[in-house]
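One structure is given below, encoded as structure tokens.
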Amino acid sequence: MAVLSNAVKAEHGHTHSSISNSGGSYLMKRVLMLLANGVEPMEMAAFTDVLGWANLLGDHPVELVNAGLRRKIVTTFGLTLNPSFLLSDLDLSSFDALALPGGFEPSGFYEEALSEPFLTTIRHFVEVGKPVASVCVSSVCLGVAGVLRDRNATTYHQEGGKRKNQLLETGARFVDRPVVVDDQIITSSGPGTATEVAFVLLEKLTSVENAAFIRKKMRFATPDRDWYETPQVP
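Numbering-wise (the UniProt record's numbering), the sequence shown opens with residue 1 and increments by one.
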């Protein structure tokens, strides 16, 4: 984790003078973000920014590590990225949560997102009871991994219900809401929900108070009850 100067923290109104509690220093929370070829940049950026701000200004240190199956990927809309690590080089037990941005089928997203290395990683985090935060169609990957059976979940959904039906076929209970939380699994309905997913993940990793503090610093309003209860397809 980079050491940030007091001047940088002061510029952003950092009020947490230490990262300790009565039991000593908080342990670093490490989040693994899987990047498949064809990933959606906005959904990836939500995790990068929210968790990055949390590491900069929050009362718990948070590290986001991104990894993929190859050294270079091309996102939806053509942005070229170099994942920091290959998934095969990482020790999954060293992470506290998993983040899964979605992507576009025409961009080849599912070729890697539904590959066995990705599915095995998803199963690992669910089996050990660690948070898994997915955005948009990446919940389909959770379903294919077999971790949504008899769980509430959502996904990107339009009239005709292609993605909804994919989710139902895996045994999930489809809930037509922007963000759905079932125990440690977070699913959502599209790019516009990505920051909310990231804040829910931050809350699970740290605290309600810390997530609210970062939300305020980033100038993100808390959605009202109507937002959370609005169906995606009337």
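Yeah, the Cβ is synthetic: ideal placement off N, Cα and C, and Gly gets one too.
Remember, it's a predicted structure, so these values are computed and weren't measured experimentally.
*Counting only the same chain and skipping the five closest in sequence on each side, list residues whose C-beta sits under 7 Å from that of residue 96.*
Cβ neighbours of residue 96 beyond the five flanking positions: 29, 30, 31, 130, 205.
request  = Please go through the same chain and pick out, in chain order, the residues whose beta-carbon is closer than 6 Å to the beta-carbon of residue 62, but skip the five residues on each side of it.
outcome  = If we look at residue 62 and ignore the five residues flanking it on each side, its Cβ neighbours are 29, 51, 54, 55.
Please decide whether residue 47 counts as near chain B, where near means a Cβ-Cβ distance under 8 Å. Within the model displayed, chain B is absent; a lone protein chain is all it includes.
Buried versus exposed, by CB contacts within 10 Å (16 or more), residue 161:
By the 10 Å Cβ count, residue 161 comes out exposed.
Practice task
Give me the Cβ distance between residue 59 and residue 152, rounded to the nearest whole Å; I'm assuming they're in contact under 8 Å.
Solution key: At roughly 31 Å, the Cβ-Cβ gap does not stay under 8 Å, so residue 59 and residue 152 are not in contact.
Would residue 43 and residue 136 be called neighbours here (beta carbons separated by less than 8 Å)? A contact, by the Cβ cut-off of 8 Å.
Notebook entry, point to check: What are the residues that DSSP puts in a beta bridge with residue 218?
Noted result: In the DSSP assignment, residue 218 forms no beta bridge with any residue.
Item to check | For residue 39, the residue or residues it bridges with in DSSP | outcome: Residue pairing of residue 39 in beta bridges, as defined by DSSP: 103.
| message | Mapping the DSSP letters down to three states, classify residue 152 as helix, strand or coil. | response | Residue state, collapsed to three classes: strand.
*Determine the direct distance from the alpha carbon of residue 232 to that of residue 82, and round the result to whole angstroms.*
Spanning the two alpha carbons is a distance of roughly 34 Å.
Practice item. Rounded to whole angstroms, what's the CA-CA distance from residue 103 to residue 40? Just pull it up for me. Key: Near 5 Å, if we compare the C-alpha coordinates of residue 40 and residue 103.
- Query: With burial defined as no fewer than 16 other Cβ atoms inside 10 Å of the residue's Cβ, what is the status of residue 216: buried or exposed?
  - Reply: By the neighbour-count rule (16 or more Cβ atoms within 10 Å), residue 216 is not buried but exposed.
Subject >> Inter-residue spacing [alpha-carbon to alpha-carbon] between residue 229 and residue 71 >> reply: Take the alpha-carbon of residue 229 and the one of residue 71: they are about 40 Å apart.
Whole alpha helix (DSSP H) elements within the region 115-166, 4-residue minimum: The alpha helix (DSSP H) runs lying completely inside the region 115-166 and spanning 4 residues or more are 116-127, 138-144, given in chain order.
Going by DSSP, what residue range makes up the beta strand (DSSP E) through residue 172?
In this chain, residue 172 is not harboured by any beta strand (DSSP E), its DSSP state being neither H nor E.
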